[in-house]
Structure formats: structure tokens, C-alpha cells
Amino acid sequence: MSTANSYLHPALQLDADAIGKTFSVACPSALSSDPGTQTVAIDLGERSYAILIGAGLMGVPGTYDALPAAATALIVTNTTVAPLYADALRVALAPKYAQVHTVTLPDGEEHKNWQTLNLIFDALLQHGSDRKTVLFALGGGVVGDMTGFAAASYMRGVPFVQVPTTLLAQVDSSVGGKTAINHPLGKNMIGAFYQPQLVVCDLATLDTLPARELSAGLAEVIKYGPIADMDFMGWLEEHMDALLARDRTALAHAVRRSCEIKAWVVGQDEREAGLRAILNFGHTFGHAIEAGMGYGAWLHGEGVGAGMVMAAELSRRLGLVDDAFAARLRALVQRAGLPLRGPVLDAADNAGRYLELMRVDKKAEAGEIRFVLIDGPGRACVRAAPDALVREVIAACCAG
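Using this note's numbering, read the sequence shown as starting at 2 and increasing by one per residue.
1) Using the Cβ count rule (16 or more neighbours within 10 Å means buried), how would you classify M311?
2) Are T167 and L139 touching if we call contact CB-CB under 9 Å?
3) For R354, which of I395, P378 and P387 has the nearest alpha-carbon?
4) What residue ranges within the region 56-82 form continuous beta strand (DSSP E) runs of no fewer than 3 residues, ordered along the chain?
5) Between the alpha carbons of S130 and L321, how many angstroms are there, rounded?
6) Fully enclosed by the region 265-323, which alpha helix (DSSP H) runs are 4 residues long or longer?
7) Give me the residue from R392, G142, P227 and D88 with the minimum Cα distance to A328.
8) Using a Cβ-Cβ cut-off of 6 Å (strictly less than) and excluding sequence neighbours within five positions of L189, which residues of its own chain qualify?
9) What does H184 pair with, by DSSP beta-bridge criteria?
10) Hey, V267 and V176: beta-carbon distance below 9 Å or not?
11) Just how far apart, CA to CA, sit V256 and A264?
12) Per DSSP, what kind of secondary structure is D131 in: helix, strand or coil?
13) Taking DSSP as the reference, what is the three-state secondary structure of R384?
14) Given a cut-off of 9 Å on the beta-carbon distance, is the pair I262 and D230 in contact?
15) Which one or two residues does DSSP pair with Q39 in a beta bridge?
16) Mark S216 as exposed unless 16 or more other C-beta atoms lie within 10 angstroms of its C-beta, in which case mark it buried.
17) If you follow the beta strand (DSSP E) that T166 is part of, which residue opens it and which one closes it?
18) Give me the Cβ distance between L118 and N79, rounded to the nearest whole Å; I'm assuming they're in contact under 8 Å.
19) Which of the three DSSP states is assigned to K97 in this structure?
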């Protein structure tokens, strides 16, 4: 690894000894059937915070008691979520903050860009927000990522809180401090690591989630099994119907275990120098799908679903897992209502287009693509693969 490259991109570099290393996650399960509020802690020293999981938390003023004092709060939401939950959050925050303002962004991955980000900065400046102003990200992953990036940037850093309203955001994007916007050439390429003060996972918000969005969120739940916890993968196989039916107890278990695993991984490797990269299982192929199709055509979780199938097939062809494991993962992805096959991105050279897009992936270095692969059930590794083999996998796993 060159000194210059390490200096320019310190948060995006994998340690040299992480390449090819197999990672195991030592995070015991503490799944609970308690219908009340459950808490998962993110241990990052001075930047530690809690993830609260339960139904009805968002609208309870006491949920926010531990947050730092401030005169002003800004709720950042979107056109879909605002009519559903913005008023409830505003009322809950009113006892703590003298002024509670709202900025409403256009909805969709295609709006995760500089133009939309500036709407947040405009609102902060128009309301005279200072360094104590607290931002509240009310929405899915796009809202959370942009709010976090705005919080990291405004006056060089102001507090923010994640209030995720999608399953995908509750189990993945709201946890761990990754914030970003997209670039036309690559997903999440412009951003920062910046931790929230609190994450509030209100399970009641999942009642209004469209079925397609629920399935997309399940992709990020499923990934935790193959990379970290095969018992959890078995639990998902047993409870997939309940999850799709939005059974509150099943959802609480799924969200908590997902957050437990991610919290443990982030606590070991906050800036993705090694272990944390395993959380990108399925994402190298998935991000290529999103970028190649145009942001918004495929949901992020749909890309991850097809991407996990492709990554498992690459793992199988490299001799890391057997046929039965690859088939088992494929069946679980299918039961979640997710796509099994990637789209054709270029009729003339589909594999070439995938490879081109994957070389922009944050794990790539000097043009070499690195994949998160399954190195035996419940274990993951980060390694490169020959382009010829990747082309075979793309040909086998894409539509057409």
C-alpha cells in the first residue's frame, strides 16, 4: 500500500493483512422476546451510543431525554415519510427544543446527491442553526446517509440522531456512522464516518412500509447469517413467513440480532480497515447493479439480494463453500421476495460493464476488485478473483 494512497484515503483502505484473511464474528446472541424496549450498545469510547428498539418509541418525549441540550432541532425527512411521521416526531421533540424545524427532501436513491444535500444546508442556515443544533434523520437509508453527512459537514460537525423508518435502515444503514452521497460513477463515494448520538428503531413504522421495501430490508438482515451467525440464518429460515407478515415479535428479533452483530463489528473496526468490510457481502455486485441500472431503478436491498447470490456462486466456484450452502442461501433470498438474478447492464458486454463498475468499489485498489466471499458457513473473507472467473459468474447469474 503506497504512502500517498494511504494518506489520501485513510478511511477506505483495507489493511494489507486483511486481504485474504477469514474473519469470524464472536458476538453471542442475546435475542429477547421482551415486547418492551430493547437496547443494543455501540461501544466506541467517547463516541458510544445506544440503539433503542421497540414499538411506539419515536413519539415518546422521554426517548430523547439523554440527548445534549440545544435550542433548536431540525427534522430531515422526505416527501413519503413526512405526512406519516413528521408531526409525531415534532410533538415529541417540542418539550426539549424551543424550536423544531423540518426540511422535506424528494424521495428516492436518485436524489442522493449534492443538490439535495444542499437543501439541508439551506435549512440550517436559514434558521440560524448553531453548533448545538441537533439534526434528526427521519426516513430510510437515503435520508439517514444525507443527514449524517450534513451533520458531519455543517460547522465541521453538529449532533444528529437516526430515526430509521425502513427495515433496511434499522438493521444496517442507521448503525455505524457511515454517511455519504452518490456520484454518477459510483455509490456512496463521497462521505464521512460520523457517528450519531442515538438510533431510535420504532418497529411501528414498519407497518406502513411497502412490501417491496420490506423485502429489500430483509436482504440486509439475511447477510448477517452467512458472514457471522449460522444459527441466525436458521432462525430466518424458520421465521421468514412471520417476518413477511410483519409479526412484531419476529421483527424485533431480526432487528436486534442484526444490530448486535453490526454493533460488535463496528466496535472492533469503526473505519473499515479489515473486519467491517465483511458487512459488504453482496454489495460489490449490488452496487454495480444500482449504478448500472440508474439509481432508483433497483432498490439497494434488491441489488444486495442478487449480489449475495452472485457472491455465493463466486465463493462456490473458488471452492470456499459447497453446492448445498450456495443453494440454501439462494432459497432464503428467494423466500424473502428478492431478485435471484442480476440485470443485463450492457447487451454487448454485460460482464465487462459489471467489471467496469465494480472497479469503482471502495474495496478496490489499483483497479483490482475485492469481493466479500463466504469462506465456510458463518465466516467471511475479502479477496480478489480472476476476471475470467467473475465473468463466468456474471454470465451464470444474470437474466437473459
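Just so you know, even glycine gets a beta-carbon here, dropped at the ideal spot from N, CA and C. Keep in mind the model is a prediction, meaning the values are calculated, not measured.
Result, derived from the coordinates:
1) The residue you call residue 311 lines up with position 310 of the sequence shown. M311 comes out buried.
2) Within the sequence shown, the letter at position 166 stands for residue 167. Within the sequence shown, the letter at position 138 stands for residue 139. For the pair T167 and L139, the CB atoms are not nearer than the 9 Å cut-off.
3) By one-based count along the sequence shown, residue 354 stands at place 353. It is I395.
4) Counting whole runs of 3 or more residues, the region 56-82 contains the beta strand (DSSP E) stretches 73-79.
5) On the sequence shown, residue 130 is found 129 positions in, with the first residue counted as 1. On the sequence shown, residue 321 is found 320 positions in, with the first residue counted as 1. Rounded to whole angstroms, S130 to L321 spans 53 Å at the Cα level.
6) Correct list: 284-294 and 301-318.
7) Against the sequence shown, residue 328 aligns to sequence position 327. A328 has its Cα closest to that of P227, out of R392, G142, P227 and D88.
8) Position 188 of the sequence shown, counted from the first residue, corresponds to residue 189. Here residue 189 is Asn; the residue named in the question, Leu, does not match the sequence. Answer for N189: A181, listed in chain order.
9) Along the sequence shown, one-based indexing puts residue 184 at 183. Bridge pairing for H184: G187 [DSSP].
10) Along the sequence shown, read from residue 1 onward, the residue named residue 267 stands at position 266. Along the sequence shown, read from residue 1 onward, the residue named residue 176 stands at position 175. In contact: V267 and V176 (Cβ atoms closer than 9 Å).
11) As a first step, residue 256 is located in the sequence shown; it is residue number 255 there, counting from the start. As a first step, residue 264 is located in the sequence shown; it is residue number 263 there, counting from the start. V256 and A264 have their alpha carbons spaced roughly 12 Å apart.
12) What you label residue 131 is simply residue 130 of the sequence shown in a count that begins at 1. D131: coil per DSSP, three-state reduction.
13) Working through the sequence shown from its first residue, we reach residue 384 at position 383. Residue state, collapsed to three classes: strand.
14) As a position in the sequence shown, residue 262 is number 261, starting the count at 1. As a position in the sequence shown, residue 230 is number 229, starting the count at 1. Closer than 9 Å, so yes.
15) Along the sequence shown, read from residue 1 onward, the residue named residue 39 stands at position 38. The partner list for Q39 (beta bridge, DSSP) reads I54.
16) Counted from its first residue, the sequence shown places residue 216 at position 215. Counting Cβ neighbours within 10 Å, S216 comes out buried, since at least 16 surround it.
17) As a working note, residue 166 is residue 165 in the sequence shown. It is not in any beta strand (DSSP E) - T166 carries neither H nor E in the DSSP assignment.
18) Looking up residue 118 in the sequence shown gives position 117. Looking up residue 79 in the sequence shown gives position 78. 13 Å between Cβ atoms; not a contact.
19) One-based indexing of the sequence shown puts residue 97 at position 96. When secondary structure is reduced to three states using DSSP, K97 falls in the coil class, being assigned neither helix nor strand.
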